[in-house]
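Chemist: Have a look at this one.
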Amino acid sequence: MRPERALLSVLGVLVLAVALWWLRAQGAGAPWLPGCSFHRLTGLHCPGCGMTRAMAAILRGDLAAAFRCNPVGLVLLPLALVGLLPEWLGWVRGRRLAFRWHPGARGAWLLVGLIIAFWILRNLPWWPFTLLAPPALGS
Amino acid sequence: MQWYYSKNGTQLGPVEQGELISKMASGEVAPGDLVWREGMVDWQPSAQVNELVALMPVSQAQPMGTPMAGSPYAPPTAGGAMPYSGEVIPNYLWQSIVVTILCCWPFGIPAIIYAAKVEGLKSRGDIAGARAASASAKTWCWVSFGLGLGIILIYVVMIGAGVMSSSSRSNF
């Protein structure tokens, strides 16, 4: 057990909780929310674009709207967090857990392919690929 | 001193130092089996922990670098990194995915690619390559995380300073 790592983890969770509470209070699409800098620089959508609004929609309980903002991110994020949990516990305790959840070499490459394909497809300007892009603000 | 050791992916212990050394001497804990005690950064193969090897009975403990055929503690003849099977090489796959989705910078993409490489290299026995890919994945994770966090912090500071005017309405 590493006390400083446990403390850091508790602080991180607290900051995250405050940020989520704030996001819920303010609602998605508020003009001052930190947007995607990749989108601002290039005008293209990155694989994570729409996640802020997806989070806000989840906090409202609107799963369909969240899915519309970033379908792949919404599925991958919970999976990745579950996968991170044992690694994080091992880090706090200063010693790796014997148990780890991992998709294996082939699974990892499948995830790579999925994310890169999603990145490319959501930038294509034709239906149905436009459904993968987050909706324009105000709509 | 209490030691933990790992056999076939199962964590065992704690055992006293003397008990662990006799297990190493009898071969119950192989040179490649990982051991750990409070204070060590990470698990290490038992043969690489000098404080244990130094205390082994003289007939068993061979100084590193003098291979002796037949000795269970003979260092590997192949040069370079020790190709033991049980080494833990973190792949940072989940971390890469989280930063790609949340930090919103394409720097998460090289992190994921390196993370995926780690497992393949490990299964082919290229431990040095897997270590290098693991280190690259870690670096890219931190680059992505740092830039994402930095931008959010800059925003918080700007809001705090009241710099944001209504005209700078962002699209995201």
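These protein sequences, in sequence, are chains A and B.
Under my numbering, the first sequence has 60 at position 60, and the numbering climbs by one with no breaks.
Under my numbering, the second sequence has 76 at position 76, and the numbering climbs by one with no breaks.
Each residue gets a CB set at the ideal place from its N, CA and C atoms; glycine is no exception.
Any beta carbon from chain A within less than 8 Å of tryptophan 43 of chain B's own beta carbon?
Modeler: At least one chain A Cβ lies under 8 Å of tryptophan 43 of chain B.
Chemist: Would you verify that the beta carbon of glutamate 4 of chain A is, or is not, closer than 8 Å to some beta carbon of chain B?
Modeler: Not closer than 8 Å to any Cβ of chain B, the Cβ of glutamate 4 of chain A fails to qualify, so no.
Chemist: Starting from the beta carbon of isoleucine 116 of chain A, find every residue of chain B whose beta carbon is closer than 8 Å, and list them in chain order.
Modeler: Within chain B, the residues near isoleucine 116 of chain A are Ile109.
Chemist: What residues in the segment 17 to 43 of chain A bring their beta carbon closer than 8 Å to a beta carbon of chain B?
Modeler: Against chain B - using a Cβ distance shorter than 8 Å - the residues of the segment 17 to 43 of chain A are Pro31, Trp32, Leu33, Pro34, Gly35, Cys36, Ser37, Phe38, His39 and Arg40.
Chemist: Flag isoleucine 112 of chain B as yes if its beta-carbon sits less than 8 Å from any beta-carbon of chain A, otherwise no.
Modeler: For isoleucine 112 of chain B, the answer is yes, since a Cβ of chain A falls inside 8 Å of its Cβ.
Chemist: Quick check: the Cα distance between lysine 122 of chain B and valine 156 of chain B, rounded to an integer number of angstroms?
Modeler: About 42 Å.
Chemist: Take the Cβ of methionine 55 of chain A as the centre, count every other Cβ of all protein chains shown within 10 Å, and call the residue buried at 16 or more, exposed below.
Modeler: Under this definition methionine 55 of chain A is a buried residue.
Chemist: Taking all protein chains shown into account, decide if proline 90 of chain B is buried (16 or more other Cβ within 10 angstroms of its Cβ) or exposed.
Modeler: With 16 or more other Cβ atoms within 10 Å, it is buried.
Chemist: According to DSSP, what are the bridge partners of lysine 7 of chain B?
Modeler: B/Thr10, per the DSSP bridge assignment.
Chemist: How many angstroms separate the CA atom of alanine 54 of chain B from the CA atom of isoleucine 112 of chain B?
Modeler: If I take the Cα positions, the gap works out to 41 Å.
Chemist: Let me make sure I understand the geometry here. Which of A/Arg96, A/Val92, A/Val112 and A/Pro135 has the alpha-carbon closest to that of leucine 11 of chain A?
Modeler: Of the candidates A/Arg96, A/Val92, A/Val112 and A/Pro135, the one whose C-alpha sits nearest the C-alpha of leucine 11 of chain A is A/Val92.
Chemist: Which residues, taken in chain order from the segment 45 to 77 of chain A, show a beta carbon closer than 7 Å to some beta carbon of chain B?
Modeler: So the close ones are Cys46, Pro47, Gly48, Cys49, Met51, Gly73, Leu76 and Leu77.
Chemist: Please report the Cβ distance between cysteine 49 of chain A and asparagine 70 of chain A, rounded to the nearest whole angstrom; I am assuming they are in contact, meaning their Cβ atoms lie under 8 Å.
Modeler: At roughly 7 Å, the Cβ-Cβ gap stays under 8 Å, so cysteine 49 of chain A and asparagine 70 of chain A are in contact.
Chemist: Give the DSSP-derived three-state secondary structure of glutamate 28 of chain B in the structure shown.
Modeler: Coil at glutamate 28 of chain B, not helix or strand.
Chemist: Show which residues of chain A have a CB atom less than 8 Å away from the CB atom of proline 14 of chain B.
Modeler: By Cβ distance, chain A contributes nothing, its closest Cβ being about 11 Å from proline 14 of chain B, past 8 Å.
Chemist: Grouping DSSP H, G and I as helix and E and B as strand, with all else coil, what is leucine 16 of chain A?
Modeler: If DSSP states are grouped into helix, strand and coil, leucine 16 of chain A belongs with the helices.
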